[in-house]
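Report on the structure given below.
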Amino acid sequence: MISVETALDKILSSIKPLGVEEKGLLESLGQVLAEDVYSDINVPPKDNSALDGYALRAADIKGAGPQNPRILKVIDYIVAGGNPHKRVEPGTAVRIMTGAPTPEGADCVVGFEDTDETSRPVSDSKIPSEIGVFTEELNGANIRKAGESIKKGDLVLTKGKIIRPSEIGVMASMGRAKVKVIRRPVVAILSTGDELTNLGEPLAEGKIYNSNTYSIAAQVIREGGIPRIVGIALDTEASVVAKINQALDADLLVTTGGVSMGDYDLVKDVLAKQGEIVFWKVRAKPGKPLAFGAIRRVRDDKVVQDLPHLGLAGNTVSCMVNFELFVRPAILKMMGKTNFDKPSIDAVIEDSIKNNDGRRVFARVVVEKKEDRYYAHLTGSQSSGDLTSMSSANGLAVVPEDNPKVSKGDLLKVLMLDWSQDI
Ligand code: AMP
Ligand code: MG
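Note that the sequence shown ends on residue 431 in the working numbering; no numbers are left out.
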């Protein structure tokens, strides 16, 4: 049996980032940039006002104060998106709105609140004929210079960056409508088991609904992959092979069930015949049976490229935990990402946990923050078939394989399944 780290190393060393695709800007959210992004324009394109107020010459208001306003002639009014019509000459000012281009001749902007505008009658052109300014300003004050944020020709975002809302905004500000990114992996999901029933069908005696397909597909979506549901294979070699053959054009195949020591555990055998098994047992609890290998893809009698395959245990919790530990990093690497760690915290454990057989235990816990510390308690049943305990958990507390017993009050690392501000 190999360790969690060795298993992950073996998986990641055979997974490569996928190819490049061009996406509409908004559709690229969460993907990794596959190009260096340069700007064709200055942002902002022109000098513009950072305030609603008056554009003027700093020299004209030198020495101004609350008791000592400087009176200037108002010659123009510019709104955002408008254009200046007149030059600011000595003794004049232009009423200006935030974002509007500053007129020639003006070298600073004074906000409305530092003027006597409210006590001035307004002409037909919606501006007072004169304005009193109560403050001095420095040359350049409250003017956003052209290219202040981004200069034409600048390298703004580098290849490998993950696109977040702020990167979308930055690219939009430069007018970029499309962007090259590493494409998302298509993950084929196949559940095996004679006992499985499709959703929407009546449940016959002795059968259960196929939940793994859906929990895994949801996890795939959450990590940025594209799930392709292949369906259910019966516990026969022919059925498993037929279903796997429907998944050959995916980037990754995830199966659930059929990898333990049971009578009908076929996935391993199929994998051994149709491909190669790298390993099939990991020192983890839950989720010891985990097969990793590759399915041969043959075209015109030639092996083209192997389809990586992760065979997860059938137990509902085991396969979800195995997903977090092994499938998630594989998907992230395919997407070109480089940080595969789950966010984690140290928490004081409020229950005792036994670890009898030297595996690394991932215990389902509820993490809460009390004052400045995190505390974690077990969700109750730790049965690897009880999916409701996964639903009530927000973290997986990690008990090292060489720690036979965790006592109440010990500090454990907890992998956060959900990282929200609420806890
Ligand atoms: P296996 O790994 O095939 O031996 O399955 C272990 C347990 O998980 C058995 O109790 C199965 O009935 C259950 N199981 C397997 N596949 C699924 C599935 N797709 N949905 C829900 N439970 C499953
Ligand atoms: Mg089975």
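Cβ coordinates follow ideal geometry from the N, Cα and C atoms, glycine included.
- [ ] May I ask you to check if the CB of G265 is nearer than 6 Å to at least one heavy atom of the ligand MG?
- [x] yes
Task: CB of P77 within 7 Å of CB of G140, strictly - done: yes
Task: Own chain partners of K434 with C-beta closer than 6 Å, once the 5 adjacent residues on each side are dropped - done: Nothing about residue 434 can be reported from this structure: the residues present for the chain run from 9 to 431 only.
Task: CB contact flag (K362, K413, <7 Å) - done: yes
TODO: Say yes only if the C-beta of A321 is nearer than 6 Å to one or more non-hydrogen atoms of the ligand AMP, and no if none qualify.
DONE: yes
Open item on the list: At a threshold of 6 Å, does T205 count as lining the ligand AMP (C-beta to nearest heavy atom)?
Closed with: no
Task: Candidates I234, E121, H317 and G265: closest to T244 by CA position - done: G265
- [ ] Grab the span of the alpha helix (DSSP H) containing M328 for me, first residue to last.
- [x] T324 to N330
Task: Sub-7 Å separation of L165 and V40 beta-carbons - done: no
- [ ] For L211, count neighbouring C-beta atoms within 10 Å of its own C-beta (all shown protein chains included) and say buried if the count is 16 or more, exposed if not.
- [x] exposed
Task: beta-carbon G393 near the ligand MG non-hydrogen atom, thresh 6 Å - done: no
Open item on the list: Give me, in chain order, the residues of the same chain whose beta-carbon lies closer than 7 Å to that of N206; leave out the 5 immediate sequence neighbours on both sides.
Closed with: N218 and I240
Task: Selection from A67, I104 and L163 that minimises the alpha carbon distance to S47 - done: L163
Open item on the list: Let me confirm a value: E436 is counted as buried when at least 16 other C-beta atoms fall within 10 Å, else exposed. Which label applies?
Closed with: Past the edges of the chain, shown from 9 to 431, lies residue 436, and the structure says nothing about it.
Task: Residue environment, H93, which counts as buried when at least 16 other CB atoms sit within 10 Å - done: exposed
Open item on the list: For the ligand MG, is there any heavy atom lying closer than 6 Å to the beta carbon of G201?
Closed with: yes
TODO: Could you please give the first and the last residue of the uninterrupted beta strand (DSSP E) stretch that includes T14?
DONE: No beta strand (DSSP E) contains T14, which is instead part of the alpha helix (DSSP H) from V12 to S21.
- [ ] Name the one or two DSSP bridge partners that E138 has.
- [x] K81
Open item on the list: DSSP three-state label for P92, please.
Closed with: DSSP, read as helix, strand or coil, puts P92 in coil.
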